[in-house]
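Those letters in the sequence shown? Residues 1 to 409, by full-length UniProt numbering. For every residue, glycine included, the Cβ atom is placed at its ideal position computed from N, Cα and C. Below you'll find the structure, written out as structure tokens, and then a few comments.
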Amino acid sequence: MTSRMSLRDAMRRSAASSSAQGSAMARTLKLARQSGSLNLSSRDLHAFPEEVFRLYETLDEDEHSWECAVLQKLDLSYNEIAEIPSQVETLKYLLSFKIRHNHLRQLPMALWNLETLTSLDLSNNELEGCLSEQLGKLDKLRELGLEGNKLTQLPESIGALVHLEVLRVDNNQLKGLPSTIGRLKNLKTLSAHSNQIGELPASFGSLTGLLTLDLKKNGLVAIGEAFLEFTSIKYIDLRQNQLQVFPKLPENNACLDQLFLGFNLLREVPEDIVLSVKESLTVLDLRDNKLQHLSDRIPQLYRLKTLDVTNNDLHDLPPGFGYLKYLNHLLVEGNPLRSIRRSIISAGTEPLKKYLRTRGGPPEGVDAMEEEVDEFTLRQKEIEQDEPMAEEPPLEDEYLFRDAAASAG
Numbered sequence: 001m002t003s004r005m006s007l008r009d010a011m012r013r014s015a016a017s018s019s020a021q022g023s024a025m026a027r028t029l030k031l032a033r034q035s036g037s038l039n040l041s042s043r044d045l046h047a048f049p050e051e052v053f054r055l056y057e058t059l060d061e062d063e064h065s066w067e068c069a070v071l072q073k074l075d076l077s078y079n080e081i082a083e084i085p086s087q088v089e090t091l092k093y094l095l096s097f098k099i100r101h102n103h104l105r106q107l108p109m110a111l112w113n114l115e116t117l118t119s120l121d122l123s124n125n126e127l128e129g130c131l132s133e134q135l136g137k138l139d140k141l142r143e144l145g146l147e148g149n150k151l152t153q154l155p156e157s158i159g160a161l162v163h164l165e166v167l168r169v170d171n172n173q174l175k176g177l178p179s180t181i182g183r184l185k186n187l188k189t190l191s192a193h194s195n196q197i198g199e200l201p202a203s204f205g206s207l208t209g210l211l212t213l214d215l216k217k218n219g220l221v222a223i224g225e226a227f228l229e230f231t232s233i234k235y236i237d238l239r240q241n242q243l244q245v246f247p248k249l250p251e252n253n254a255c256l257d258q259l260f261l262g263f264n265l266l267r268e269v270p271e272d273i274v275l276s277v278k279e280s281l282t283v284l285d286l287r288d289n290k291l292q293h294l295s296d297r298i299p300q301l302y303r304l305k306t307l308d309v310t311n312n313d314l315h316d317l318p319p320g321f322g323y324l325k326y327l328n329h330l331l332v333e334g335n336p337l338r339s340i341r342r343s344i345i346s347a348g349t350e351p352l353k354k355y356l357r358t359r360g361g362p363p364e365g366v367d368a369m370e371e372e373v374d375e376f377t378l379r380q381k382e383i384e385q386d387e388p389m390a391e392e393p394p395l396e397d398e399y400l401f402r403d404a405a406a407s408a409g
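Take a look at the structure:
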């Protein structure tokens, strides 16, 4: 008797659950007819929902066909869908199609007939090899998301997407970028990190509209003059490559805010290159390279807020860093800085800046407060009078252990 009642209860609960799900779906579909936007993300769908194609077949009593909005946005993200049916081409008014985080392994040719699309997100699926050259038919695209797949190359037809503003292809297996990429004059964001890109195509320098560029975790050895015309770029990330030469930056750039070059093989920082962005640069990451010296002119980067030179081969620091009023993160651990006591380094940025001010005046073009200059003047007088400041504990002989491998993530 108990088992029968339990079975009945289970069946009732299952029926109630199915009814509730059906009601929820009906409300979602009705809302889509009103707004033109259908969101079926995170619904545990194992197949492309047929309701998408029958959206206007059954209307509620209070609905009229002439009042319904055409479907322009479709989101099927975070489901278990493995295939897009060819019927998708009937969604001829679609502007935005998101189907990220599913199990797509291939795409139907019909997808490339959605020529009204301005946004297509196929990220985090199981796409392999190269997309069809038919991609170029979607010439109204402004945003294309392909990250988190297993793509080994991009079609040359991508150069036809002349309105594209955002291209995300990170976390794939790309060996390079297509030669036509330079035609994307409106591209503002390019994210291609975590691939196997060894060099940039000759046309790369034509992407003069770029604002954000992320190429970290690739195999780039040199950049050459690819960035010289990027006069509007604000963010460049080249960490964890194999760069041996500091990349040339656009001259008189008043926009570049953050430059990340950590975990490369750089041996020097050419002052003429880095000072070309002194009017805008606030973050400079040079950690885990092979730097042995920083020019006394580098502190002319007067807008710096963060400078990271952790784990290099620096034996000294330019005194001018002590006068940079915005600099609140000066990271120098892991360098053989014999001229600066360990206790000063470990005390943090402000004590380190104060110490540096005792060793030299402000850099050219950097305004310093009177009391800061006084610190240097007093120190010089003490040296002249042979009255040294109070001694600190002797330098420790051992260097800080390098933690590049642990920090690479």
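In the three-state reduction of the DSSP assignment, residue 182 falls in the helix class. In the DSSP assignment, residue 98 falls within the beta strand (DSSP E) that extends over 96–98. Per DSSP, residue 212 is one residue of the beta strand (DSSP E) stretching across 212–214. Residue pairing from DSSP places residue 283 in a beta bridge opposite 258, 306. Secondary structure note for residue 168: it is in no alpha helix (DSSP H), and the uninterrupted beta strand (DSSP E) holding it is 166–168. Taking C-beta separations shorter than 6 Å and ignoring five residues to either side along the sequence, the partners of residue 168 in its chain run 145, 147, 191, following chain order. Apart from the 5 residues on each side of it in sequence, residue 360 sits with its Cβ closer than 6 Å to the Cβ of 319 in its chain, given in chain order. The distance from the Cβ of residue 286 to that of residue 301 is about 12 Å, inconsistent with a contact at the 8 Å cut-off.
Here residue 64 is exposed, its C-beta having fewer than 16 other C-beta atoms within 10 Å. Separation of the CB atoms of residue 277 and residue 294 is rounded to 16 Å, and the pair is thereby denied contact status at 8 Å. Ranked by Cα distance from residue 365, the first of 333, 331, 296 is 296. Per DSSP, residue 173 has no beta bridge partner at all. When secondary structure is reduced to three states using DSSP, residue 207 falls in the coil class, being assigned neither helix nor strand.
Fewer than three pairs of CB atoms, one per stretch, sit closer than 8 Å, so the stretch 47–63 makes no contact with the stretch 109–122.
Bounds of the alpha helix (DSSP H) holding residue 273 are 271–274.
If you draw a straight line from the Cα of residue 184 to the Cα of residue 164, it is about 7 Å long. For residue 36, the closest alpha carbon among the candidates 23, 84, 95, 87 is that of 95. Contact annotation: residue 77 and residue 108 have beta-carbon atoms that are not nearer than 7 Å. By the C-beta density criterion, residue 219 is exposed, having fewer than 16 other C-beta atoms within 10 angstroms.
When the five nearest sequence neighbours on each side are left out, the beta carbons in the same chain lying within less than 6 Å of the beta carbon of residue 119 are those of 96, 143, in order along the chain.
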